[in-house]
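Presented below is the structure to which this report refers.
Protein chains in written order, with the working numbering: chain A, 79 to 368; chain B, 535 to 870; chain C, 2 to 277.
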């Protein structure tokens, strides 16, 4: 509801963002599509030309793809589960009357501000190192043999690191939502005879639904593209045990110099992400009144 | 210096016609009130005049110039919003002076005019406060100050009193009317409250479903409503409507009689019925009566009347105060 | 806060909360403590909690070895640059969607967000090749543009959320007061939206500061920001934990401090209006 004049202006002011984003999305995508049908290896500049679907064929039939695909799913879903469930518990805890709540909040949110490369290096070395790391020390104190985390449980280790980075985000968003739940509704439910468990499932959890949706949306965006944590810790290995799709494509492009194959991988990644985005945006669209 | 003429003004939102062919003349210096139930299009009409919405068709002439394509900033009107819409980050002084600043007036002139307006509105002690530090009534005054300081061709008021409590509303009503009278500036005032309309207006425009039902002075509307809608909307309590046949007037589909124009008696009268509810408010007594074939009637009688529910009561309509309507709802004008 | 809380309940939750908080914070605390240790003390086993011999030498060496300040400067330039550039483009867009919404506004917002889902690897190859041919590889300018682009959708969303809390009446009042569009934005909208704009800027600075895909893949010695500077410590010739910690502490400290001071506003903005 406004005048045509304002509407025209509004459209003019929206256009730059839309055009820039559109170009940013479409130009590289079209190029990626083009390269994905080419034989194009930076190490072998002679053998260029139309490759048909062979890049896709090699990418999709390579066992490393299946492994990376499964790893991507496991990584994303595990971190989502840990951070959402952990976030709910932490938020409930923060919502109690605790002494020094301000400082506790600052401590809890801190990991969110740590750059991925630092987080990964600190965990890799000072925590998970099998000889001198804190975890090794803890294990020996408890009478176990130290675990070589990154060699023996590479994916799990990366899940731990990433979950540590995202748990604060989930906690604080859910905590903010929790604080907007009015005391009276809880009291009314208590008057109706709801115990703590019922109170949580029938009053608190539904109230948190929107916040949890936001957490899942934002985290998924970032989790599908986890990269630096893998690069500086395991380098995707051993083998492809901790390679996700993002890292696999990077590996093909910048380590194997196979532009065609990497592009095919990129297209596959885009398609997979779009499938996820399609469902996610639908769910979130319903939950956020834009 | 502020005559506003609407010619065939129409407005549609999507497929919905919210304003249909409105023709209206607002004379310079007059106080015109748009009144109607919510959703009748009165606020939209005001926003069309302000330029905050585009007309779909028709002309809006301000002092003879068609302003349909002029942005609101250039129409020379000022508006008081229902929410006051004060700038929360500015002091009262800056709020009132904002329009002058936008017009690029020199600072000395702005200061002088703002202080004059503040003095008129008893806002001088509050000039350096922020809006959130003011009471509702004071915020209202700041909004009015912002409107008058620009010396506009006309004031537009969009339900300005609906956020105030009842006592303050009466007081501000009087102040606005007095201020407009002193300044002599044209004013268009939107309200859903027919008491505000009756007390403030030189001319009332009754709107319903995007159409003008009737235009006239408060008493014209009260005494000679053009149709059933206006008859029912103006006046409180509402006019009684009785099927013509039941009332012994087969020439009219409906007859209307206001509660204050029926004399109630315990002994005798033209009509009779049973009291269902009696409201005693001291100065008046309102009786709600089941009158059989005539339907439910409301009667207002002056002073105290000791009746209670279940009592039998007689009623006599005041001759000459009976309104007659045809089947389409239009008033049947007596042949002279 | 009507309910009375028993002291016992209060203290047991307090202790629990502090334990959890300290556990989460421990890796950071440990990094900071280690940065003040000598290399020998850093790999003591069992570990020494507090540095047995406090030293600042690691910081000096980090600066000498890999020129911390240069990378710090790069990080500042790209994160602030991309944020300011982004604001210029997104403030008008958010204004438009918040105050002049159409039937398609919601779709456009969702589309913008879905572009964020597009995996960076999907477009890595062409961007790399385009940057190569434009001579933008390892340049601050190229990186600033990329970071602006990847954070654009989140910026629009956050600003949109904040702008929607501003009553449109007030903007209309300014129009009636004779303000043309740019005056309406400069004198009325922006001052009222300052808290929202500030937290949008902060979040973008943080995201850009910590971005570790494009910064690692598109830079070399010249334009490398702190993310890449730290990554160079990933294959050290031997164990240099004290120096690694010193470098890490230097890399995270600025953003950690900013984050601490602004966490309340940040979190509110990141809920995208889904949580009041």
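Glycine included, each C-beta is placed from N, C-alpha and C at the ideal position. If you're wondering where the values come from, they're calculated on a predicted model, not measured in any experiment.
Pair within 8 Å by beta-carbon distance, residue i and residue j
{"i": "residue 67 of chain C", "j": "residue 310 of chain A", "result": "no"}
{"i": "residue 283 of chain A", "j": "residue 164 of chain A", "result": "no"}
{"i": "residue 783 of chain B", "j": "residue 858 of chain B", "result": "yes"}
{"i": "residue 224 of chain C", "j": "residue 75 of chain C", "result": "yes"}
{"i": "residue 584 of chain B", "j": "residue 177 of chain C", "result": "yes"}
{"i": "residue 79 of chain C", "j": "residue 255 of chain C", "result": "no"}
{"i": "residue 209 of chain C", "j": "residue 303 of chain A", "result": "no"}
{"i": "residue 776 of chain B", "j": "residue 755 of chain B", "result": "no"}
{"i": "residue 819 of chain B", "j": "residue 844 of chain B", "result": "no"}
{"i": "residue 698 of chain B", "j": "residue 670 of chain B", "result": "yes"}
{"i": "residue 865 of chain B", "j": "residue 736 of chain B", "result": "no"}
{"i": "residue 861 of chain B", "j": "residue 742 of chain B", "result": "no"}
{"i": "residue 657 of chain B", "j": "residue 674 of chain B", "result": "no"}
{"i": "residue 762 of chain B", "j": "residue 598 of chain B", "result": "no"}
{"i": "residue 553 of chain B", "j": "residue 586 of chain B", "result": "no"}
{"i": "residue 301 of chain A", "j": "residue 143 of chain A", "result": "no"}
{"i": "residue 22 of chain C", "j": "residue 185 of chain A", "result": "yes"}
{"i": "residue 560 of chain B", "j": "residue 734 of chain B", "result": "no"}
{"i": "residue 212 of chain A", "j": "residue 215 of chain C", "result": "no"}
{"i": "residue 124 of chain C", "j": "residue 277 of chain A", "result": "no"}
{"i": "residue 126 of chain C", "j": "residue 331 of chain A", "result": "yes"}
{"i": "residue 149 of chain A", "j": "residue 321 of chain A", "result": "yes"}
{"i": "residue 52 of chain C", "j": "residue 42 of chain C", "result": "yes"}
{"i": "residue 793 of chain B", "j": "residue 824 of chain B", "result": "no"}
Opposing strand residues paired with residue i [DSSP bridges]
{"i": "residue 491 of chain B", "result": "One cannot answer for residue 491 of chain B here, as it falls past the ends of chain B, which runs 535 to 870."}
{"i": "residue 748 of chain B", "result": "B:740"}
{"i": "residue 805 of chain B", "result": "B:849"}
{"i": "residue 544 of chain B", "result": "B:591"}
{"i": "residue 835 of chain B", "result": "B:819"}
{"i": "residue 813 of chain B", "result": "B:820"}
{"i": "residue 790 of chain B", "result": "B:775 and B:857"}
{"i": "residue 761 of chain B", "result": "B:864"}
{"i": "residue 830 of chain B", "result": "B:824"}
{"i": "residue 559 of chain B", "result": "B:539"}
{"i": "residue 700 of chain B", "result": "Residue 700 of chain B pairs with nothing; no bridge assigned."}
- Query: Which ranges does the alpha helix (DSSP H) cover as unbroken runs of at least 4 residues, wholly within the region 303-338 of chain A, from first to last along the chain?
  - Reply: Runs found: 306-311 and 323-328.
- Taking only beta carbons into account, state which residues of the region 167-184 of chain C come closer than 8 Å to chain B, listed in chain order. Cβ contacts with chain B: 168, 170, 171, 173, 174, 175, 176, 177, 178, 179, 180, 181 and 184.
- Task: Check each residue of the region 190-210 of chain C: if its Cβ is closer than 7 Å to any Cβ of chain B, include it; give the result in chain order.
- Result: Flagged, chain order: 192 and 193.
- Contiguous alpha helix (DSSP H) assignments of at least 4 residues, all confined to the region 104-155 of chain A: Within the region 104-155 of chain A, the complete alpha helix (DSSP H) runs of at least 4 residues are 132-139.
- Which residue spans inside the region 595-643 of chain B form an unbroken beta strand (DSSP E) run of at least 3? Unbroken beta strand (DSSP E) runs of no fewer than 3 residues, entirely contained in the region 595-643 of chain B, are found at 611-614, following chain order.
- Task: Evaluate the contact criterion for the region 244-258 of chain A versus the region 157-174 of chain A: three or more CB pairs, one atom per stretch, below 8 Å.
- Result: Remark: three or more beta-carbon pairs, one from each stretch, lie closer than 8 Å, so the region 244-258 of chain A and the region 157-174 of chain A are flagged as touching.
- For the region 216-229 of chain A and the region 265-283 of chain A, state whether three or more C-beta atom pairs, one from each stretch, are separated by less than 8 Å. In this structure the region 216-229 of chain A does not lie against the region 265-283 of chain A, because fewer than three pairs of beta carbons, one per stretch, are closer than 8 Å.
- Query: Of the residues that make up the region 583-607 of chain B, which ones have a beta carbon closer than 7 Å to any beta carbon in chain C?
  - Reply: Answer in chain order: 584, 586, 606 and 607.
- Pair every Cβ in the region 625-639 of chain B with every Cβ in the region 714-732 of chain B, then say whether three or more of these pairs are closer than 8 Å. Too few Cβ pairs lie closer than 8 Å, so no.
- Message: Using a Cβ-Cβ cutoff of 9 Å, what residues of the region 201-221 of chain A are near chain C? List them in chain order.
- Response: Answer in chain order: 201, 202, 203, 204, 205, 207, 209, 210, 211, 212, 214, 215, 218 and 219.
- Which residues, taken in chain order from the region 16-29 of chain C, show a beta carbon closer than 7 Å to some beta carbon of chain A? Taking 7 Å as the cut-off between beta carbons, the residues of the region 16-29 of chain C near chain A are 17, 18, 19, 21, 22, 23, 25, 26, 28 and 29, in sequence order.
- Query: Is the region 86-100 of chain A touching the region 86-103 of chain C in the sense that three or more CB pairs, one from each, lie closer than 8 Å?
  - Reply: With contact defined as three or more Cβ pairs closer than 8 Å, the region 86-103 of chain C and the region 86-100 of chain A are in contact.
- Query: Which runs of the alpha helix (DSSP H) fall wholly inside the region 114-161 of chain C and span at least 4 residues, in chain order?
  - Reply: As far as the region 114-161 of chain C is concerned, its whole alpha helix (DSSP H) runs of at least 4 residues are 121-134.
- Scan the region 217-243 of chain A and note each continuous beta strand (DSSP E) run of 3 residues or more that stays entirely inside, going in chain order. Segments of the beta strand (DSSP E) lying fully in the region 217-243 of chain A: there are none.
- Query: For the region 232-243 of chain A against the region 264-271 of chain C, are there 3 or more C-beta pairs whose distance is under 8 Å?
  - Reply: Contact between the region 232-243 of chain A and the region 264-271 of chain C is not established, with fewer than three Cβ pairs separated by less than 8 Å.
- Item | At least three beta-carbon pairs within less than 8 Å, the region 164-173 of chain C to the region 183-201 of chain C | Contact holds: three or more Cβ-Cβ distances are below 8 Å.
- Query: Okay, do the region 195-210 of chain A and the region 287-294 of chain A touch, 3+ Cβ pairs below 8 Å being the bar?
  - Reply: Using a Cβ-Cβ distance cut-off of 8 Å, the region 195-210 of chain A and the region 287-294 of chain A are not in contact, since fewer than three pairs of beta carbons, one from each stretch, lie closer than that value.
- Would you say the region 113-128 of chain C touches the region 140-160 of chain C, given that touching needs at least three Cβ pairs under 8 Å? Note that the region 113-128 of chain C touches the region 140-160 of chain C; at least 3 beta-carbon pairs, one per stretch, sit closer than 8 Å.
- Message: If contact is defined by three or more beta carbon pairs under 8 Å, each pair taking one atom from either stretch, is the region 111-124 of chain A in contact with the region 324-343 of chain A?
- Response: Counting C-beta pairs with one atom in each stretch, the region 324-343 of chain A and the region 111-124 of chain A have three or more that are closer than 8 Å, which means they touch.
- Query: On the three-pair Cβ rule with 8 Å, is the region 595-615 of chain B touching the region 687-695 of chain B?
  - Reply: Per the Cβ contact rule, the region 595-615 of chain B is in contact with the region 687-695 of chain B (3 or more Cβ pairs under 8 Å).
- Which residues, in order along the region 109-143 of chain C, keep a beta-carbon less than 9 Å from a beta-carbon of chain A? Listed in sequence order: 109, 110, 111, 112, 113, 114, 115, 116, 117, 118, 119, 120, 121, 122, 123, 124, 125, 126, 127, 128, 129, 130 and 131.
- Message: Closer than 8 Å is the cut-off here; do at least three beta carbon pairs connect the region 171-187 of chain A with the region 311-320 of chain A?
- Response: No: the two stretches stay apart, fewer than three of their Cβ pairs being nearer than 8 Å.
- Item | Cβ contact (3+ pairs, closer than 8 Å) linking the region 26-39 of chain C and the region 48-60 of chain C | Flag = yes, the region 26-39 of chain C and the region 48-60 of chain C touch.
- Item | Interface positions of the region 258-272 of chain A facing chain C (Cβ-Cβ less than 7 Å), listed along the chain | Listed in sequence order: 258 and 261.
- Query: Name the residues in the region 622-638 of chain B whose C-beta lies less than 7 Å from a C-beta of chain C; which are they?
  - Reply: Answer set for the region 622-638 of chain B: 622, 623, 632, 633, 636 and 637.
- Task: For the region 640-674 of chain B, list the alpha helix (DSSP H) runs that are entirely contained and at least 4 residues long, ordered along the chain.
- Result: Considered as a whole, the region 640-674 of chain B harbours 641-654 as its complete alpha helix (DSSP H) runs of no fewer than 4 residues, in chain order.
- Decide yes or no for the touch test of the region 188-195 of chain A against the region 194-211 of chain C: beta carbon pairs closer than 8 Å, at least 3 of them. Short answer: they touch.
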